[in-house]
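Student: Take a look at this one; I'll ask things after.
Protein chains in written order, with the working numbering: chain A, 807 to 914; chain B, 807 to 914.
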């Protein structure tokens with residue numbers, strides 16, 4: 807497994823809906839992923855067993871967790887406990903760095 | 807626990823050695839932390855049971871994991887499996903976003 811990962815070394819995967827994803831690194835315990843979203847793109851509300859810690863690396867998003875929505879911008883953070891409903895609406899072109907525990911096998 | 811966290815809402819803690827830390831969010835499963843380092847600051851080599859996924863949010867660092875060093879810059883990532891030795895040397899004033907599994911109780 808790579809442990810020192812330059813951003814330019816990994817290609818984006820187009821998910822449609824003006825969303826792209828890069829899987830940066832993972833093992834069975836954790837996975838770190840970049841998600842690029844264009845203004846207006848929607849990360850539909852969903853939940854999963856994985857705990858998620860996310861960093862807003864670029865842009866502006868309205869993030870909803872468990873029914874509460876807040877506008878977050880580059881530098882802000884959100885945290886999603888296991889099985890808690892969450893979603894994202896991109897307000898200005900941006901990027902999220904999502905970290906999951908355990909591994910999101912569904913992304914592989 | 808806060809789940810939607812604006813960066814400005816949390817104060818830095820000075821750790822000395824030109825390093826500051828902000829604990830952004832956590833539960834028993836994960837913790838997300840910002841670390842600010844000035845050029846020349848050293849995160850001494852160490853290891854811990856926690857798996858760690860880190861995002862370079864600002865600046866330039868020489869990151870060493872298990873004896874291999876690579877220069878990483880804003881946008882790059884590194885990943886540290888449990889008990890693997892790692893350290894950081896800040897080359898240009900910067901910031902890391904460190905995510906751990908499980909909770910780093912030693913930070914509280």
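Note that beta-carbon positions come from the ideal geometry of N, C-alpha and C, so glycine has one too. No experiment lies behind these values; they were computed from the predicted model shown.
1. State buried or exposed for residue 875 of chain A, treating a residue as buried only when at least 16 other CB atoms are found within 10 Å of its CB.
2. Anything in chain A within Cβ reach of residue 881 of chain B, meaning under 7 Å, just list it in chain order.
3. Any Cβ of chain A within less than 8 Å of the Cβ of residue 894 of chain B?
4. Taking the DSSP output, what are the residues bridged to residue 829 of chain A?
5. I'd like the list of long-range same chain contacts for residue 893 of chain A, defined as Cβ closer than 8 Å, with 5 residues on each side in sequence excluded.
6. Is residue 911 of chain B helix, strand or coil by DSSP?
7. Please report how far the alpha carbon of residue 908 of chain B lies from the alpha carbon of residue 886 of chain A, in whole angstroms.
8. Run the CB neighbour count on residue 820 of chain A, radius 10 Å, all protein chains shown included, and call it buried at 16 or more, exposed below.
9. List the residues of chain B that residue 866 of chain A touches, going by C-beta distances under 9 Å, in chain order.
10. So what's residue 872 of chain A in DSSP terms, helix, strand or just coil?
Tutor: Working from what's here:
1. exposed
2. 813
3. no
4. A/839
5. 848, 849, 850, 851, 852, 869 and 870
6. helix
7. 14 Å
8. exposed
9. In chain order: nothing, as chain B lies at least about 12 Å away.
10. coil
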